[in-house]
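Engineer:
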Amino acid sequence: MSVYRAGYPEVYDLVMRHRGRDHPAEAAALARLVRHRNPTAASLLDVACGTGLHLEHLRSHFAAVTGVDLSAQMLARAATRVPGVALHVGDMRELDLAAAFDAVVCLFAVPHLRCTVELDRAVARLAAHLTSRGVLAVEPWYPPEAFVPGYVARDMVQERDRVVVRLSHSTWLDGARDRIRMTVHQADADPAAGIRHDTGTTDLTLFRPEHFAAAFGRAGLTAAHVAAPPFRWGLWVARPAGAAGAA
Ligand SMILES: C[S@@+](CC[C@H](N)C(=O)[O-])C[C@H]1O[C@@H](n2cnc3c(N)ncnc32)[C@H](O)[C@@H]1O
């Protein structure tokens, strides 16, 4: 069962804050990277935007921002964070908003794709939403060689009277050693509601740099992997072949 369900979005926000992901700094880094390549960029699409943690800050850098996510629950929370921002339920593998954007970003989400065929499809759909001078930024995740089988991650977050404890355990899912299964247990307690306990699994793919490079190439984009602090694994930046300047 997926971990993305009722009650999860709020816990996701708590855990991300606790882990110290710096969303204002990430939004600023994205804006710099986009403007360096496309100085007049005004519109941005955040694909797999989740609860809008980036959109909240990206909207001060771009005149018009739009979000898309597969999960209506995640989007419902985004709607409270960024009222007035256009948000759509959509699957990045089949995305068709009939619109083009000066920047398209996809952050902390590509591991949810199951294989390179899905990565190719998703990148092609993201590319289809770029203007001719548009900039695409995709955040990669752990490459397979960085994964520690049996890895246990733990978070304990306290906010006022509320305490959330989240434990996850990750193992290889298959012999190919590029898919992992993460089992998550979560306890969420406060004085009024007591303790709610939830478990779920999510399967994730550890794509290699060559998988990203091939997907961008097949989508007709020129791409490069760049260091982009504070993004731990950098960003893939891609542009339509023929757009002015390098990726
Ligand atoms: C770890 S969250 C990241 C959310 C947000 N980008 C952030 O950085 O906080 C991954 C998100 O990807 C979304 N997602 C997973 N598969 C997707 C797909 N095929 N198309 C669109 N969104 C997807 C999930 O619903 C979830 O909101």
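Sequential numbering of the sequence shown, starting at 516, is according to our numbering.
C-beta atoms are modelled at their ideal positions from N, C-alpha and C, and glycine is treated no differently.
Since the structure is predicted, the reported quantities are computational estimates derived from the model, not experimental observations.
1. Which term fits alanine 742, buried or exposed, when burial requires 16 or more other beta carbons within 10 angstroms of its beta carbon?
2. Just curious, the beta strand (DSSP E) that histidine 700 is in, first and last residue?
3. For alanine 594, collect the residues of the same chain with a Cβ closer than 7 Å to its Cβ; drop the 5 residues on either side in sequence, then sort them by chain order.
4. According to DSSP, simplified to helix, strand and coil, what is leucine 651?
5. For a test of the three-state rule: what should DSSP assign to histidine 712, helix, strand or coil?
6. Mind checking whether the beta-carbon of phenylalanine 623 lies closer than 7 Å to any heavy atom of ligand 1?
7. Ordered along the chain, which non-local residues of its own chain (more than five positions away) have a Cβ less than 7 Å from that of serine 647?
8. So, arginine 692 versus proline 659, is the Cβ gap smaller than 8 Å?
9. Look up alanine 739 in the DSSP assignment and give the residues it is bridged to.
10. Near leucine 548, what residues of its chain come up, given a Cβ to Cβ distance below 8 Å and the 5 sequence neighbours on each side ignored?
11. Determine the DSSP secondary structure at tyrosine 519, reduced to helix, strand or coil.
12. Rounded to the nearest angstrom, what separates leucine 570 and valine 667 at their Cα positions?
13. Looking at the secondary structure, which residues open and close the beta strand (DSSP E) in which leucine 559 lies?
14. Could you tell me the boundaries of the beta strand (DSSP E) in which valine 620 lies?
15. Pick helix, strand or coil for glutamate 674, following the three-state DSSP scheme.
16. Could you check which residue in Ala624, Gln588, Val625 and Ala540 has the C-alpha nearest to that of phenylalanine 746?
17. Counting only the same chain and skipping the five closest in sequence on each side, list residues whose C-beta sits under 6 Å from that of alanine 708.
Structural biologist: If we stick to the structure as given:
1. Stepping through the sequence shown from its first residue, residue 742 is reached at position 227. The residue in question, alanine 742, is exposed, as its Cβ has fewer than 16 Cβ neighbours within 10 Å.
2. Indexing the sequence shown from 1 puts residue 700 at position 185. Element bounds for histidine 700: 694 to 705.
3. As a position in the sequence shown, residue 594 is number 79, starting the count at 1. Excluding positions up to five away in sequence, the list reads Leu602.
4. Along the sequence shown, one-based indexing puts residue 651 at 136. Looking at leucine 651 - three-state DSSP - the assignment turns out to be strand.
5. Within the sequence shown, numbered from 1, the residue matching residue 712 stands at position 197. Strand, per DSSP.
6. Here residue 623 is taken as the residue at index 108 of the sequence shown, counted from 1. Yes, the Cβ of phenylalanine 623 comes within 7 Å of a heavy atom of ligand 1.
7. If you number the sequence shown from 1, residue 647 lands on position 132. These residues qualify, in order along the chain: Pro755 and Ala758.
8. Residue 692 sits at position 177 when you count from the first residue of the sequence shown. Residue 659 sits at position 144 when you count from the first residue of the sequence shown. For arginine 692 and proline 659, yes; Cβs fall inside 8 Å.
9. As a working mapping, residue 739 is identified with position 224 in the sequence shown. In DSSP, alanine 739 forms a bridge with Val752.
10. One-based indexing of the sequence shown puts residue 548 at position 33. Val650, Ala652, Val741, Ala743, Leu750 and Val752.
11. Within the sequence shown, residue 519 is the residue found at index 4, counting from 1. Interpretation of tyrosine 519 is limited by its pLDDT of 46, a score under 50 that renders its predicted location unreliable; no figure is taken from the coordinates.
12. Sequence index remark: in the sequence shown, residue 570 carries index 55 (1-based). Sequence index remark: in the sequence shown, residue 667 carries index 152 (1-based). Going by the C-alpha atoms only, they are around 30 Å apart.
13. As a first step, residue 559 is located in the sequence shown; it is residue number 44 there, counting from the start. Taken as a continuous stretch (DSSP letters only), the beta strand (DSSP E) holding leucine 559 covers 558 to 562.
14. Residue numbering aside, residue 620 sits at position 105 when the sequence shown is read from its first letter. Where valine 620 is concerned, the enclosing beta strand (DSSP E) stretches over 616 to 621.
15. Residue 674 sits at position 159 when you count from the first residue of the sequence shown. Glutamate 674: strand per DSSP, three-state reduction.
16. Position 231 of the sequence shown holds residue 746. For the residues Ala624, Gln588, Val625 and Ala540, the minimum Cα distance to phenylalanine 746 belongs to Ala540.
17. As a working mapping, residue 708 is identified with position 193 in the sequence shown. So no residue of the chain qualifies.
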